[in-house]
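Numbering follows the working numbering, in which position 123 of the sequence shown is assigned residue number 110; successive positions increment by one, without gaps. Below is one structure, written out as structure tokens; comments come after it.
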Amino acid sequence: MTDYGYVSVLSIIWMILGLLIFTIVPIVLSIVWLVKKKERITTILIGAVWFILFALILEKPIQNVLAFPTALGLPNHALSNFFNANPILLAFVAGLFPGLFEETGRFVAFKTILRKRKNRETSISYGIGHGGIEVVVLLGLTYINYIIYALMINSGLMQTTINQMMEIAPEQVGQLEEIIVMMTTFSGTTLLINVVERIFAVMFHIGASILVFYACKDKSKMWLYPLAIILHTLMDFIAAMVIFKVISISDLGLELIIAILGMAVFFGSFFLLYKRDKN
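Pasting the structure below:
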């Protein structure tokens, strides 16, 4: 029997703190913005719902069917084999889909359900909803899983789960063991990296929302919509190349790249578009 170690109490405390940060902070940010700017909560909610619709319901299944069918329990096919044989192309696909679907989601929202809301605050409200719900879904729920896994490891249930997995799906045991290693080495540094990465990701989403908002508001600025797609694709493409080991960059290096892109998109769109709009 393999000894999978033990998750310390301090690590579990860090996980609980992460869960609180990634669920409560987006809500607090939304409330502060709504009160300060007297914005409508429906704009934030639309940003959240549109992320779920375009990123989770539309983008992920289509992307998985084309490039990652095994994630859905489906066999690989000619196209997915082609993508997986070309890691750079696979990373590009992994970056293109979020860029295309999420920015198109913004475009559709501003052109339809939010078309009558022309005040500049609408762009940031939508971005807070979009970026905030992404934090809750991607990290809030992830940290719930972390806590469950940690408790399973400490109680011995993880060993039982792996024994069962060896009989019915041995190919997935490696993934579980990677999770165990992550849990037993979880620290405040891990949490800090996640927090910093999300801060710049939310900044990017707010900045991209400003870009697409003005693309819809002013026909002469329609080029901002494809620009948002390109910038979003670039950010996710770089991250995907690291994940698929096309390039080797430290966690700190990757966070630095995300920080630079996130701040560039946010501050560029904020000062060149948002601040110049006198409504």
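Just so it is clear, CB atoms sit at the ideal spot from N, CA and C, and this is done for glycine as well. Remember, predicted model here, so these are calculated numbers, not experimental data.
Where does residue i sit, in a helix, a strand or coil, going by DSSP?
i: D238; result: helix
i: G268; result: Residue numbering for the chain in the displayed model covers -12 to 266; residue 268 lies beyond these limits and cannot be assessed.
i: S37; result: One point to set straight first is that residue 37 is Trp, not Ser, in the sequence displayed. It is helical.
i: F258; result: helix
i: N68; result: helix
i: P56; result: helix
i: D205; result: coil
i: N73; result: coil
i: V19; result: helix
i: S(-5); result: coil
i: R263; result: coil
i: T99; result: coil
i: N106; result: coil
i: M(-12); result: Its pLDDT being 48, under 50, M(-12) is placed unreliably in this model, and the value from its coordinates should be taken loosely. Coil.
i: R93; result: helix
i: P62; result: coil
i: S112; result: helix
i: R185; result: helix
i: W1; result: helix
i: V233; result: coil
i: K47; result: helix
i: E165; result: helix
i: K24; result: helix
i: T176; result: helix
State buried or exposed for residue i, treating a residue as buried only when at least 16 other CB atoms are found within 10 Å of its CB.
i: M(-12); result: Legend: pLDDT at M(-12) = 48, less than 50; position of this residue unreliable, no value from coordinates given.
i: E154; result: exposed
i: M190; result: buried
i: A42; result: buried
i: V252; result: buried
i: S309; result: Residue 309 is absent from the model: the chain starts at -12 and stops at 266.
i: E46; result: buried
i: G240; result: exposed
i: G119; result: buried
i: I33; result: buried
i: P48; result: exposed
i: I44; result: exposed
i: E26; result: buried
i: F258; result: exposed
i: V19; result: exposed
i: A226; result: buried
i: V80; result: buried
If contacts are defined as beta-carbon pairs under 8 Å, then residue i and residue j qualify, I think. What distance do you get, rounded to the angstrom?
i: F70; j: L77; result: 5 Å
i: M209; j: L248; result: Not quite, the Cβ-Cβ distance comes to about 22 Å (not below 8 Å), so this is no contact.
i: I245; j: E184; result: 6 Å
i: G116; j: T176; result: About 30 Å separates the two Cβ atoms, so there is no contact after all.
i: P56; j: H64; result: 6 Å
i: V123; j: T10; result: 6 Å
i: G82; j: F224; result: 3 Å
Are the CB atoms of residue i and residue j nearer to each other than 8 Å?
i: V199; j: F84; result: no
i: A188; j: H219; result: no
i: E54; j: S67; result: The sequence given here places Ala at residue 54; Glu does not occur at that position. Yes, the pair counts as a contact, with Cβ atoms nearer than the cut-off.
i: Y261; j: E90; result: no
i: E121; j: F38; result: yes
i: L4; j: L178; result: yes
i: G127; j: L6; result: yes
i: M139; j: T148; result: yes
i: M169; j: Q159; result: no
i: L21; j: I28; result: yes
Give me, in chain order, the residues of the same chain whose beta-carbon lies closer than 8 Å to that of residue i; leave out the 5 immediate sequence neighbours on both sides.
i: F173; result: V(-6), S(-2), W1, M2, Y133 and A137
For residue i, collect the residues of the same chain with a Cβ closer than 6 Å to its Cβ; drop the 5 residues on either side in sequence, then sort them by chain order.
i: G114; result: H192, I193 and S196
i: L171; result: For clarity, residue 171 is Thr in the given sequence; the question names Leu instead. Contacts found: G(-8) and V(-6).
i: Q50; result: F84
i: I111; result: I193
i: I234; result: M228
For residue i, collect the residues of the same chain with a Cβ closer than 7 Å to its Cβ; drop the 5 residues on either side in sequence, then sort them by chain order.
i: L87; result: I216
i: I180; result: D238 and E242
i: L214; result: L198
i: Q162; result: none
i: Y201; result: K208, L211 and L260
i: A16; result: Note on identity: in this sequence residue 16 is Leu, with Ala being the wrong assignment. Correct list, in chain order: I115 and G119.
i: I8; result: V182
i: S256; result: G194, I197 and L198
Is the beta carbon of residue i within less than 7 Å of some heavy atom of the ligand FAD?
i: V36; result: In the structure on display, the ligand FAD does not appear, and there are no ligands present to speak of.
Under 8 Å, Cβ to Cβ, is there at least one residue of chain B near residue i?
i: G82; result: No chain B appears in this structure, which consists of one protein chain only.
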